[in-house]
Structure formats: structure tokens, C-alpha cells
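Heads up: the sequence shown begins at 9 in the working numbering, then just goes up one per residue. Each residue gets a CB set at the ideal place from its N, CA and C atoms; glycine is no exception. Computed from a predicted model, the values in this text were never measured in an experiment. Scroll down for the structure; my scribbles are underneath it.
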Amino acid sequence: MFDFGLGELLLLAVVALVVLGPEKLPHAARMAGAWAGRLRRMVVDIQADIEKEVALQELRASIKKQIEAAGTVELRQQLEDQLRVMESSLRPPQPSSSTKPSNDA
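Rendered as C-alpha cells:
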């Protein structure tokens with residue numbers, strides 16, 4: 009997160025020792041460590057939440073595509089069925105072999 013070298017850390021430690029003194033420095037270091045741990049855990053939790061949301065969004069998009077594809081297939085099937093019904097209603101009825109007109113006249 010921060011790019012501190014060894015020189016910067018030593019300078020920070022010397023300044024903290026001069027400002028806080030030897031009595032308060034251990035307590036301040038513990039508090040700084042505790043805050044750093046809390047901050048790190050918060051960052052990890054936020055990253056995990058973001059990853060979960062991204063995965064959920066991808067899952068939603070995938071499901072939506074599958075629903076649209078399924079809807080397209082169902083729609084095509086319904087249209088083909090309706091087309092067959094309309095074609096059969098437009099065709100003249102085929103005479104059956106049992107109802108042939110007789111030529112007895």
C-alpha cells in the first residue's frame with residue numbers, strides 16, 4: 009500500500025522516539041499496530057465484498073442471457089406451431105378414401 013524503505017522507517021522511528029519519549033513509544037506502537045491491523049482487515053473485507061458483487065453481477069448476466077436464449081427458442085417454437093396451424097387451415101381439406109363420391113347417376 010505504502011512504499012516505505014528502511015531509511016524512511018528508521019527516520020520515522022527516531023522522530024517518534026524524540027516526540028513521544030521512551031515511556032509513551034511502546035503504547036503508541038501497539039496502538040499503531042492495532043490500527044494497521046484493523047485497516048488491513050477492513051481492506052480485505054471490502055475486497056471480498058467487491059469480488060462477491062462482481063461474481064453476482066456476472067451470474068446475473070449469465071442467467072439473463074440464458075433466459076433470453078430460452079425465450080427465443082420458445083418464441084420460435086410457438087411461431088412455428090402457429091404457422092403450421094395457419095397453413096393447415098388455409099389448405100383445402102383432402103378427400104378421404106372412404107368418402108369418395110359414387111358415379112351411380
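Check whether residue i and residue j have beta carbons under 8 angstroms apart
i: L20; j: L33; result: no
Inter-residue CB distance, residue i and residue j (contact presumed, cutoff 8 angstroms)
i: A36; j: L28; result: 5 angstroms
Residues near residue i by beta carbon distance below 8 angstroms, same chain, minus five either side
i: D127; result: Because residue 127 is not part of the residues shown, which for the chain are 9 to 113, the question remains open.
i: L64; result: none
Close Cβ partners of residue i (< 7 angstroms) along its chain, the five nearest in sequence each way excluded
i: R48; result: none
Residue i Cβ short of 7 angstroms to the ligand NAP heavy atom set
i: A63; result: With respect to the ligand NAP, the structure shown offers nothing to examine, as it has no ligands at all.
Close Cβ partners of residue i (< 6 angstroms) along its chain, the five nearest in sequence each way excluded
i: E31; result: none
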